[in-house]
Amino acid sequence: MAYLTSQAGQPILILKEGTGRRRGRDAQRNNIMAARIISEVLRSTLGPRGMDKMLIDSLGDITITNDGAAILDEVEVEHPAAKMIVEVAKTQDDMVGDGTTTAVVLAGELLRRAEDLLDQNIHPTVIVSGYRKASNTAIKTLNKIGITVDLEDRETLKKVASTAMASKAVGAARDHLADIAVSAVKQVTERRGDKNVADIDQIQIIKKEGKSLFDTQLVSGMIIDKEVVHPGMPKRLKNAKIALLDCPLEIEKTEFSAEIRIKDPAQMKAFLDQENRMIREMAGKIKTSGASVVLCQKGIDDMAQHFLAKEGILAARRVKQSDMEKLARATGGKVITHIDDLKPKDLGKAGLVEERKVGDDKMIFVEDCKNPMSVAILIRAGLERMVDEAERAMNDALSVISDVIEHNKIVAGGGAIESEIAKQLRDYAPKVGGREQLAIEAFADSIEIVPKTLAENAGLESIDILVGLRAAHEKAKGHLMGVDVFTGKIVDMYTNGVIEPESVKEQALKSAAEASSMILRIDDVIASTKPKEGEKPEPGGYGEEY
0 MAYLTSQAGQ PILILKEGTG RRRGRDAQRN NIMAARIISE VLRSTLGPRG MDKMLIDSLG
60 DITITNDGAA ILDEVEVEHP AAKMIVEVAK TQDDMVGDGT TTAVVLAGEL LRRAEDLLDQ
120 NIHPTVIVSG YRKASNTAIK TLNKIGITVD LEDRETLKKV ASTAMASKAV GAARDHLADI
180 AVSAVKQVTE RRGDKNVADI DQIQIIKKEG KSLFDTQLVS GMIIDKEVVH PGMPKRLKNA
240 KIALLDCPLE IEKTEFSAEI RIKDPAQMKA FLDQENRMIR EMAGKIKTSG ASVVLCQKGI
300 DDMAQHFLAK EGILAARRVK QSDMEKLARA TGGKVITHID DLKPKDLGKA GLVEERKVGD
360 DKMIFVEDCK NPMSVAILIR AGLERMVDEA ERAMNDALSV ISDVIEHNKI VAGGGAIESE
420 IAKQLRDYAP KVGGREQLAI EAFADSIEIV PKTLAENAGL ESIDILVGLR AAHEKAKGHL
480 MGVDVFTGKI VDMYTNGVIE PESVKEQALK SAAEASSMIL RIDDVIASTK PKEGEKPEPG
540 GYGEEY
């Protein structure tokens, strides 16, 4: 319970009973510690030699991964400052799809260095101001030394994808997956105005256990997780013309109560015959349009299935809306909301439509589309955990290729760009002077946490690596020099094919700097605690009673 005391010694209640409060350095230290703990959790997963985490949820389901976003998504975080660091990872994942671990580790290190400055009685506002200037300078450095990519250079795009998947447990299949990722993103890329747009939501990912990672395949079309509705229908059609329907192929029931009085069996037969006639007409309209495949978002009546099967038409029902939209982009067809509107020009085209058994399930493959703007990737692996990890690796690869296509600049990986930014910031800091100089230098030291952690996770001597990097960055073309975690040497990472999108690094810098600055500016935590049923409310919350 928070209160003030009047001159007469009478306490004046300000906050309701059960509210806890923590102020000043105590609040800052508590918040910084919570954020740093989240950062430390992820730190050991960074880089190709990073370790994995095993996460077990409340239902006993197991996830094994070193993907920062996946780990923080599974972990249930309570502390409000720690939640802000989780938000950093989510923002990074939503915006650029990769670099989540880098962003979180950098945010944690910025706060650790800031704590040292707070102990030297440097005001948080000064630190935040210094961090802001350092962040702006770092981004300018990124933009300046970023290398423009020729988007037709397939090998460079493959290297970007391979680098993103380097830390994932996909092993020797990395090149195969990278090749699929490049083909998929290039297929869905479109020109809008004066810029390229690669919307990876148009790439459908289906995962099935069985076979191996090398059997993962790109389908120039779509995979529908449904089976052919009638056993009498064909299971394979070449040069198919596809009708995409968003209307039921059945007689609609009335929305109001109705009673039909039938006196003899002939009337009953006439009633049923009329229903059958209406359904036959629907099937006839589909046949007249020239369609050989019907993919319906709604239901298909048993009688309609019979008539379509008689006409040799392959049909599937209850197809998801998201899949219907992708099918329209893949086949060039148009989703029709009323059967009377179906025209030959609305039909989509595919070289092959076939029902196949994948694992225990039957699926319909719509492939060999001429110029599909939506494609599908079928991920295979022998173990459920491996299929999940392969999906996460594929998502990272698709994201980074999309980033490069939309903002076609890359930088050297392996801690090279971070070491160069740190060097530029140390040159910049004396020009600012004053106490802000200390904050900028702290930012420079913080950003070196990336090469330092890469070295530590590879079992290398991090001090020797940092010294070697600083020496290498003083020479010509030094901005390309990073740590090869497999040999322990300082090498040209661009030549070695370790390259990353500039936009991933830029977003990580921005997110980490903003989150650390926001946490540093908090000097008062007021928390309301909800008492358990049958218990008296206790003062405290996150802090002590005042």
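According to numbering that gives the first Met the number 0, the sequence shown is numbered sequentially starting from 0.
Beta carbons: idealized from backbone N, C-alpha and C, even for Gly.
Inter-residue spacing [alpha-carbon to alpha-carbon] between residue i and residue j
{"i": "S515", "j": "V352", "result": "53 Å"}
{"i": "G542", "j": "I400", "result": "Summary for G542: the model assigns pLDDT 42, below 50, so the residue's position carries little reliability, and this model does not support an answer."}
{"i": "A475", "j": "D463", "result": "21 Å"}
{"i": "D72", "j": "I84", "result": "12 Å"}
{"i": "D300", "j": "I376", "result": "32 Å"}
{"i": "D395", "j": "D66", "result": "9 Å"}
{"i": "K451", "j": "N29", "result": "26 Å"}
{"i": "D115", "j": "M393", "result": "40 Å"}
{"i": "S134", "j": "L508", "result": "7 Å"}
{"i": "R276", "j": "F306", "result": "11 Å"}
{"i": "R112", "j": "L468", "result": "21 Å"}
{"i": "I446", "j": "A327", "result": "46 Å"}
{"i": "N142", "j": "I55", "result": "41 Å"}
{"i": "E501", "j": "A438", "result": "24 Å"}
{"i": "K262", "j": "G283", "result": "32 Å"}
{"i": "R24", "j": "V524", "result": "11 Å"}
{"i": "I521", "j": "V40", "result": "23 Å"}
{"i": "T136", "j": "L424", "result": "7 Å"}
{"i": "K237", "j": "G350", "result": "6 Å"}
{"i": "K225", "j": "V95", "result": "32 Å"}
{"i": "L45", "j": "P429", "result": "32 Å"}
{"i": "E75", "j": "I498", "result": "33 Å"}
{"i": "E366", "j": "E154", "result": "26 Å"}
{"i": "Y493", "j": "A315", "result": "49 Å"}
{"i": "Q273", "j": "L294", "result": "25 Å"}
C-beta contact flag for residue i and residue j at 8 Å
{"i": "S373", "j": "M480", "result": "no"}
{"i": "G381", "j": "V482", "result": "no"}
{"i": "V87", "j": "A454", "result": "no"}
{"i": "E208", "j": "V334", "result": "no"}
{"i": "I278", "j": "M302", "result": "yes"}
{"i": "G145", "j": "R35", "result": "no"}
{"i": "S38", "j": "V103", "result": "yes"}
{"i": "A163", "j": "L217", "result": "no"}
{"i": "V227", "j": "I363", "result": "yes"}
{"i": "A435", "j": "V125", "result": "The sequence as given places Glu at residue 435; Ala does not occur at that position. Going by C-beta atoms, E435 is nearer than 8 Å to V125."}
{"i": "L465", "j": "G487", "result": "no"}
{"i": "D234", "j": "E310", "result": "Reading off the sequence shown, one finds Lys at residue 234, where the question assumed Asp. No, these two residues do not count as a Cβ contact at 8 Å."}
{"i": "L346", "j": "G332", "result": "yes"}
{"i": "L105", "j": "I31", "result": "no"}
{"i": "L519", "j": "P79", "result": "no"}
{"i": "E390", "j": "K89", "result": "no"}
{"i": "D97", "j": "S527", "result": "no"}
{"i": "K325", "j": "Q186", "result": "no"}
Counted within 10 angstroms of its Cβ, other Cβ atoms place residue i as buried (16 or more) or exposed
{"i": "A470", "result": "exposed"}
{"i": "R379", "result": "buried"}
{"i": "D340", "result": "exposed"}
{"i": "N547", "result": "Nothing can be reported for residue 547: it is not among the residues displayed for the chain, which extend from 0 to 545."}
{"i": "F213", "result": "exposed"}
{"i": "K504", "result": "buried"}
{"i": "K157", "result": "buried"}
{"i": "I223", "result": "buried"}
{"i": "G540", "result": "Reliability fails at G540, whose pLDDT of 43 lies under 50, so the model's placement of it is uncertain and the value that follows must be treated cautiously. G540 is buried by the Cβ-count criterion."}
{"i": "H546", "result": "Past the boundaries of the shown model lies residue 546; the chain is included only from 0 to 545, so the question cannot be answered."}
{"i": "K139", "result": "exposed"}
{"i": "E544", "result": "Residue placement at E544 is poorly supported in this model, since its pLDDT is 39, which falls under 50; the coordinates still yield a value, given next. Exposed: under 16 other Cβ atoms inside 10 Å."}
{"i": "Q320", "result": "exposed"}
Residue from the options with nearest C-alpha to residue i
{"i": "A180", "options": "A160, A165 and D198", "result": "A160"}
{"i": "K297", "options": "D263, E249 and R276", "result": "E249"}
{"i": "A308", "options": "I363, E354, K325 and G231", "result": "G231"}
{"i": "G289", "options": "R355, D92, Q436 and K344", "result": "K344"}
{"i": "E388", "options": "A172, A314 and T287", "result": "A172"}
{"i": "G496", "options": "M267, D245, H478 and A411", "result": "A411"}
{"i": "E473", "options": "G433, I204, K422 and T101", "result": "K422"}
{"i": "H406", "options": "I61, S128, Q273 and D149", "result": "D149"}
{"i": "K210", "options": "E383, I489 and R21", "result": "E383"}
{"i": "E419", "options": "H478, D322 and M50", "result": "H478"}
{"i": "Q304", "options": "M281, T147, T101 and V318", "result": "M281"}
**OP:** Entirely within the stretch 66 to 94 and at least 4 residues each: give me those alpha helix (DSSP H) ranges in chain order.
**Re:** For the stretch 66 to 94, whole alpha helix (DSSP H) runs of length 4 or above, ordered along the chain, are 67 to 73 and 79 to 94.
Original post:
Which full runs of the beta strand (DSSP E) of 3+ residues lie inside the stretch 222 to 260, going along the chain?
Top reply: 235 to 244
**OP:** Could I get the ranges of all uninterrupted alpha helix (DSSP H) runs contained in the stretch 449 to 510, with 4 residues as the minimum, in chain order?
**Re:** 461 to 471
Original post:
What are the complete beta strand (DSSP E) segments, minimum 3 residues, inside the stretch 157 to 222?
Top reply: 188 to 191, 194 to 197, 202 to 208 and 216 to 218
**OP:** Please go through the stretch 363 to 406 and give each complete alpha helix (DSSP H) segment of 4 or more residues, from N-terminal end onward.
**Re:** 383 to 405
Original post:
Which runs of the alpha helix (DSSP H) fall wholly inside the stretch 98 to 167 and span at least 4 residues, in chain order?
Top reply: 99 to 118, 123 to 144 and 153 to 164
**OP:** Counting only runs of 4+ residues fully inside the stretch 296 to 340, write out the alpha helix (DSSP H) ranges in chain order.
**Re:** Taking only runs of at least 4 residues, the alpha helix (DSSP H) segments lying wholly in the stretch 296 to 340 are 301 to 309 and 320 to 330.
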